[in-house]
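This note's numbering puts the sequence shown at residues 159 to 461. We put the beta carbon where it would ideally sit given N, CA and C, even for glycine. Written below as structure tokens is the structure these notes are about.
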Amino acid sequence: MVHYLTEQRGRPNSTDYRVYLKNSDQKYISPFHDIPLYIADEQECGVPPKKFKTNEILFNMVVEVPRWSNAKMEIATKEPLNPIKQDIKKGKLRYVANVFPHKGYIWNYGALPQTWEDPNHTDKDTMCCGDNDPIDVCEIGSKVCVTGQVIQVKVLGILALIDEGETDWKVIAINVEDPDASSLNSIEDVRKIKPGHLEATVDWFKKYKVPDGKPENQFAFNGQFKDKDFAIEVIKSTHSYWKALVMREKMKGDEIVCQNTSLCESPFKCTDAEASAVVEAAAEYGEPLPVSSEVDKWHFFTN
């Protein structure tokens, strides 16, 4: 099994902080483009992928935000090698508010590599275009992960958030190493084994932007979760849009950066030396800056 490593640059809690990823050979990679979506695609020496059932499909997930934390960390789609950085709005670092009873993000939050929600494609079910990012994942296991960690997950279902008029799918998944993983095989299993978790997920996504003065978010399908098979079809679709993205002949100005080190047919494939130069040009790692006390502020809302 391929293992991935991280390298920090800049100072945590600052605008220059970045987390770059490397493969097991210590070569820098893009977490967006160079990590296979499917676990089966990264097996070496003929070793079969770990399976719970003969027909189980396992996916790689790149963790951006550890559970219970507030910093809005995300894959930088418009930077070379797509490191993970903290989102910035109006010159300030972004943190999600604590909306009672939720503390920060209530799952390990991240993305499926080699997927892309095409902003030029109108989804036939939601009738909204994609949000121009990799597809998001809420990992509901018990372990708190770290930013940049790559874990293997089973997909259980999906929620269709409509975020400011854009389709923003939220995949519900479980880390295959979690003690409950063998018992969780569907969205209904989540309702039985983790009662209240799905309802909390809808509540979180509905209200998390309200403290910023925005209205509650809306959902397709009346906020109902779609099943595993539906989720996997959505993932396959976003994977096909990603393939078209990285195989286009040229890139326009302010667009997603498709620089990668492993896709032989992509015109954006770079050498290991070019990838190293990107990281070497980034700020040196330094001690974390203090976080504003505002991050621990709580917000209360009534239905």
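*Expected contact under 8 Å - CB spacing of T284 and A318 to nearest Å*: 5 Å
*From what residue to what residue does the alpha helix (DSSP H) around Y253 run?*
Element bounds for Y253: n/a, residue is neither H nor E.
_Am I right that K384 and I316 are in contact with their C-beta atoms under 8 Å? What's the rounded C-beta distance?_
5 Å
*Going by the beta-carbon positions, is the gap between N256 and L447 smaller than 8 Å?*
no
*Measure the CB-CB distance between C287 and T325 and report whether it falls below 8 Å.*
yes
_V404 burial status per 10 Å Cβ neighbour count (16 or more: buried)_ = buried
*Report the residue from I233, L163 and G268 whose alpha carbon sits nearest the alpha carbon of N333.*
G268
*According to the neighbour-count rule (16 or more other Cβ atoms, all chains shown, within 10 Å of its Cβ), is R176 buried or exposed?*
buried
*Pick from Y162, R169 and N375 that is closest to G444, judged by C-alpha positions*: R169
*What first and last residue would you give for the alpha helix (DSSP H) that runs through A439?*
That residue, A439, is in no alpha helix (DSSP H); it is neither H nor E in DSSP.
_Quick check: I197 and N218, are their CB atoms within less than 8 Å of each other?_
yes
_Could you tell me the alpha carbon to alpha carbon distance between V304 and Y162, rounded to whole angstroms?_
Cα to Cα, the separation comes out at about 13 Å.
*Considering Y399, what are the terminal residues of the alpha helix (DSSP H) in which it resides?*
K386 to M405
*Quick one: measure Cβ to Cβ for A440 and R167, integer angstroms, because I've assumed they're closer than 8 Å.*
Taking C-beta atoms under 8 Å as the contact rule, A440 and R167 qualify, at a distance of about 4 Å.
*Grab the span of the alpha helix (DSSP H) containing A358 for me, first residue to last.*
Boundaries of the alpha helix (DSSP H) harbouring A358: H355 to K365, taken from the DSSP string.
*State the start and end residues of the unbroken beta strand (DSSP E) segment that holds D321.*
V308 to D321
*Out of K408, G354, S344 and K364, which has the shortest C-alpha to C-alpha gap to F377?*
K364
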